[in-house]
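Student: Below you will find the structure I want to go over with you.
Numbering (this note's numbering), first residue to last: 13 to 608.
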């Protein structure tokens, strides 16, 4: 009810703006919002990562973006959506041109080499993308050319003169308020970007400009009437704050004499299209733009790092509005990973290699750590020791230990999904005696029965760490349930004890089935191993199959009596703490005497 009321209030406000607005463009924007930003009737979902710049090898932050988008894609598939997932590499720009020159390579050769490293990383880390886009592909060149022509034909791109600050490292133009003074390593006075700290240079040249200044009010309306457009809330407010200031028109080309490595401006070979306009159009390229994009583009969701928020939440929506295209359904923003509180950089030697870490801690291990520790609206600190402690505690000991207990031949010699006996664990509302169950057991059932809704809410809001915390809490409760009743002490020769033992195992196996199903988007290999061990078939693992403890509600359970899977291996092996062999041995009494 509250959702419908909220939507009604938004519609009333929009209608008011429509009737009072003197700008036809504002009216078109609001009508477009009403028509395209309402919930989709069909179950189509399109999620993207940013395309990654190929001037350097992938680091842990790149993998975090990819794992986050992969999680969303897998989650939507479990819910029955038709989901498309795109990632890829951004291969144009002055940085690439300079890097290729420094390496003595052709730019395309350099791009291909680095792009393959990203592709290999994503494949090895179970990033299940459906499309890998490179901006050097012909399909993208055609899409960018069409998009540019569309903007120019509508009068939003014009020839002019740009004069101002430009950061080659960030590939972005800056206003005077975004620039500060600094000194370089040699003590020379320089100008830098206040946001990134990178050196900037004064640029003055004839090029093409985009009428960004015309879209400030439309962007404000979009954000105000679509509170989920940018998430989390902190970043939504940050964009609104940026929009308090006037938006200057944006330079969207560079002179070809300065930048050769890029897509030429249609009908003007002396100019190269600005790398960010080029790069952002990749999201449309993947959908089949300009011919077959409508169905997928109306369901677009972007995953981006906070450092590129302005490009995605101001420039990109303005470009789309100018082109007459729908805006993204949502932009999910995440923060950065630091090492001991410092930003990762080559100069500090603290860049975390995701390929090496995924091999050391396993693919699922590094995926779990990133999603369990990653808090979208604040920076997170990476530490190898923290990885080991978390994975040993939650995956190896807690979840793995629970599976071992429930499937141990000593407790479950028949290796089956045991029977549930209602007289041992009667329904709390039946008014019957509680059999052998105690109050804490009913609290556990309540927690696990409500877990799907809790996890779904957190997954939908991209608070994956909170969902995993809730799952882990339930795993601990299930372990306590088994520990509390000590089934290994029961006499299997006595019928009452045997029925209670079967019931304890059945309840615990049902808990594990729920946990395994919910964890599939996060740790696909581990979840598959767990569900296979329980005998859960591939067609029984969707979101719709999470029907916890059917026998407790006096319904049939299709798993009861089924043989367990034959893979009896360890679910997740414990990891050794880093540098454990390098720790200094404690001094003995004899050593201390000799030292004195």
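All C-beta atoms, glycine included, are put in the ideal place defined by N, C-alpha and C.
Return the CA-CA distance between residue 438 and residue 399, expressed in angstroms with no decimal places.
Tutor: Rounded to the nearest angstrom, the two C-alpha atoms are 41 Å apart.
Student: Whose CA, out of 359, 173, 320, lies closest to the CA of residue 64?
Tutor: Ranking the options by Cα distance to residue 64, first place goes to 320.
Student: Would you tell me roughly how many angstroms separate the C-alpha atoms of residue 192 and residue 184, rounded to the nearest one?
Tutor: Approximately 15 Å between the Cα atoms of the pair.
Student: What span of residues does the alpha helix (DSSP H) with residue 481 cover, start to end?
Tutor: Its alpha helix (DSSP H) spans residues 476-497.
Student: Ordered along the chain, which non-local residues of its own chain (more than five positions away) have a Cβ less than 7 Å from that of residue 589?
Tutor: Only 397, 400 meet the Cβ criterion.
Student: So, is residue 197 buried or exposed, given that buried needs 16 or more other C-beta atoms within 10 angstroms?
Tutor: Burial call: exposed.
Student: Are the CB atoms of residue 147 and residue 96 nearer to each other than 8 Å?
Tutor: Going by C-beta atoms, residue 147 is not nearer than 8 Å to residue 96.
Student: Could you tell me the distance, in whole angstroms, from the CA atom of residue 356 to the CA atom of residue 395?
Tutor: The alpha-carbon atoms of residue 356 and residue 395 are separated by roughly 12 Å.
Student: So does the region 407-419 actually touch the region 360-367, counting three or more Cβ pairs closer than 8 Å?
Tutor: Short answer: they don't touch.
Student: For residue 588, name the three-state secondary structure that DSSP assigns.
Tutor: Three-state DSSP puts residue 588 in coil, outside helix and strand.
Student: Given that a residue counts as buried once 16 or more other Cβ atoms are within 10 Å of its Cβ, and exposed if not, what is residue 170?
Tutor: Label assigned to residue 170: exposed.
Student: Give the C-beta separation of residue 248 and residue 235 to the nearest angstrom, bearing in mind that I take them to be a contact with Cβ-Cβ under 8 Å.
Tutor: With 8 Å as the limit, residue 248 and residue 235 qualify as a contact, their Cβ atoms being about 7 Å apart.
Student: Is the Cβ-Cβ distance between residue 495 and residue 459 less than 8 Å?
Tutor: Contact: no.
Student: Report the CB separation of residue 260 from residue 225 in whole angstroms; it is logged as a contact under 8 Å.
Tutor: At roughly 6 Å, the Cβ-Cβ gap stays under 8 Å, so residue 260 and residue 225 are in contact.
Student: Which of the three DSSP states, helix, strand or coil, is assigned to residue 84?
Tutor: DSSP places residue 84 in helix when its eight states are reduced to three.
Student: Taking only three categories from DSSP, how would you classify residue 97?
Tutor: Reduced to three states, the DSSP call for residue 97 is strand.
Student: Measuring alpha carbon to alpha carbon, tell me which residue in 119, 552, 484, 310 is nearest residue 337.
Tutor: For residue 337, the nearest C-alpha among the options comes from 310.
Student: With DSSP as the reference, label residue 320 as helix, strand or coil.
Tutor: Three-state result, residue 320: helix.
Student: Considering only residues of the same chain and omitting the five flanking positions on each side of residue 218, which have a CB-CB separation below 6 Å?
Tutor: Once the five neighbours on either side are set aside, the close Cβ partners of residue 218 are 173.
Student: Whole-angstrom Cβ separation of residue 315 and residue 344, contact assumed at under 8 Å?
Tutor: Their Cβ separation, rounded to whole angstroms, is 5 Å, which keeps residue 315 and residue 344 in contact under 8 Å.
Student: Based on Cα-Cα distance, which residue from 581, 551, 573 lies nearest to residue 89?
Tutor: Considering only alpha carbons, the answer is 551.
Student: Quick one: give me the first and last residue of the beta strand (DSSP E) that residue 193 is part of.
Tutor: Looking at the DSSP string, the run of the beta strand (DSSP E) that includes residue 193 is 191-195.
Student: By the DSSP assignment, the alpha helix (DSSP H) with residue 59 in it spans what residues?
Tutor: From DSSP, residue 59 is part of no alpha helix (DSSP H) but of the beta strand (DSSP E) over 56-60.
Student: Is it buried or exposed for residue 101, if we count other Cβ within 10 angstroms and need 16 for buried?
Tutor: By the neighbour-count rule (16 or more Cβ atoms within 10 Å), residue 101 is buried.
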